[in-house]
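Have a look at the structure below, then the notes.
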């Protein structure tokens, strides 16, 4: 089997690694020796074992560390050393979670964990509580401090700072397993971004496909950073989450190629899901007044950007027509909800190329459902 043909290797979440490290530290605290490898049960019932990368015992504490293997997923935490230090707690304190070096602390409302708490998500907390009870007994008074070597630097490559999670990464995972290229961490960040914006009282969020469009839409509306959602290619993922967690106004901002895909009905804008259809763009241009010569030049263009340039030379502003078609795709996700949708189309320089102003998603101009 060629390297390219082999099945993609799955990996382990930071939550699974933190749980295994905690179990090893608990065993050492109780029995004086670290189990290596250490075995845990994932939420789905799978038994998995982890080798220890570090372990040490001190006065009234035990620490174990596990190197995260994200498999073939391009995860910023791949190779990170996830450590758990376990100490006896004050009588009656129960299980207390602490953010060690490299693990963030929540500072804004709207996240699954309240402000002031270590950014260890609910499922990892439940997993950690399970191994503490397994080894030390139900109701044990214990402090569990999770830390990640280099986590402060890793966090700068995530949306944690914007979400108000400061000082490091989050301990995440709902299954304990990382599925390669599932982009679950990105989708998670989109969801949490919407949650934080809602919790802070904002009624308008703006999803952007990239840095240029994000800076442009922020300037266009004068938005707070919390209102900016880095949706990347996952416009459908953002819109579907907002459908279940509504805000009054949603702006979608992106480059000419991505917005052309949205105009053509694609809600996942990744290149693997399809390319922009230049014949379809030519049809949009004809609807905006293009003659047969421009129609042919757009069909023969190498890129969408080139097609936009040709249209602009001919005095045909296809940007607004693309934005209007993209609006219909986006608004259809909200069905009859009273959510106002806006589309902004920018070029690589951040210049506005097309605009579909805010209109209610239940407007009669929205497209019919396809069957």
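In this note's numbering, the protein residues as written are 153 to 523.
Where a beta carbon is used, it is the ideal one built from N, C-alpha and C, also for glycine.
Distance, residue 228 Cα to residue 319 Cα
Residue 319 and residue 228: Cα-Cα distance of roughly 16 angstroms.
Helix, strand or coil for residue 314 per DSSP?
Three-state result, residue 314: helix.
Buried versus exposed, by CB contacts within 10 Å (16 or more), residue 371
With fewer than 16 Cβ atoms within 10 Å of its Cβ, residue 371 is classed as exposed.
Same chain only: Cβ atoms within 6 angstroms of residue 214, ignoring 5 sequence neighbours per side
177, 180, 181 and 238, listed in sequence order.
Take every Cβ of the stretch 256–270, pair it with every Cβ of the stretch 351–359, and state whether three or more of those distances are shorter than 8 angstroms.
Under the three-pair Cβ rule at 8 angstroms, the stretch 256–270 counts as touching the stretch 351–359.
Element boundaries [alpha helix (DSSP H), containing residue 451]
That run of the alpha helix (DSSP H) goes 444–452.
Burial state of residue 97, where buried means 16 or more other Cβ atoms lie within 10 Å
Limits of the chain in this structure are 153 at one end and 523 at the other, which puts residue 97 out of reach.
Rank 466, 441, 434 and 205 by C-alpha distance to the C-alpha of residue 454 and give the top, closest one.
Nearest to residue 454 by C-alpha distance, out of 466, 441, 434 and 205, is 434.
Does the distance from the C-beta atom of residue 252 to that of residue 297 stay below 8 angstroms?
Going by C-beta atoms, residue 252 is nearer than 8 angstroms to residue 297.
Cα-Cα separation, residue 471 to residue 236
If I take the Cα positions, the gap works out to 53 angstroms.
Within the continuous alpha helix (DSSP H) that includes residue 207, where are the two ends?
Where residue 207 is concerned, there is no enclosing alpha helix (DSSP H), although the beta strand (DSSP E) it sits in stretches over 206–210.
With DSSP as the reference, identify every bridge partner of residue 403, one or two as the case may be.
By DSSP's assignment, residue 403 forms a beta bridge with 358 and 494.
Which stretch, first to last residue, makes up the alpha helix (DSSP H) that contains residue 528?
There is no way to answer for residue 528, as the model of the chain reaches only from 153 to 523.
Strictly by DSSP, which residues pair up with residue 254?
The beta-bridge partner set that DSSP reports for residue 254 consists of 320.
Secondary structure, beta strand (DSSP E): runs of 3+ residues fully inside the stretch 209–243:
Within the stretch 209–243, the complete beta strand (DSSP E) segments at least 3 residues long are 213–219 and 233–240, listed from N- to C-terminus.
Would a C-beta distance cut-off of 8 angstroms place residue 194 and residue 326 closer than the cut-off?
Between residue 194 and residue 326, the C-beta spacing is not below 8 angstroms.
Residue 507: first and last residue of the uninterrupted beta strand (DSSP E) it sits in:
First-last of the beta strand (DSSP E) with residue 507: 504–512.
Pick helix, strand or coil for residue 269, following the three-state DSSP scheme.
Residue state, collapsed to three classes: coil.
Starting from residue 436, follow the alpha helix (DSSP H) in both directions and report where the run begins and ends.
Unbroken alpha helix (DSSP H) run through residue 436: 430–439.
My output table needs one value for residue 363: the three-state DSSP class, helix, strand or coil.
It is helical.
Where the alpha helix (DSSP H) through residue 391 begins and ends
Residue 391 -> alpha helix (DSSP H) spans 387–396.
Whole-angstrom distance between residue 266 and residue 511, CA atom to CA atom:
Whole-angstrom Cα-Cα distance: 35 angstroms.
Could you check which residue in 286, 200, 219 and 197 has the C-alpha nearest to that of residue 207?
The residue with the shortest Cα to Cα distance from residue 207 is 219.
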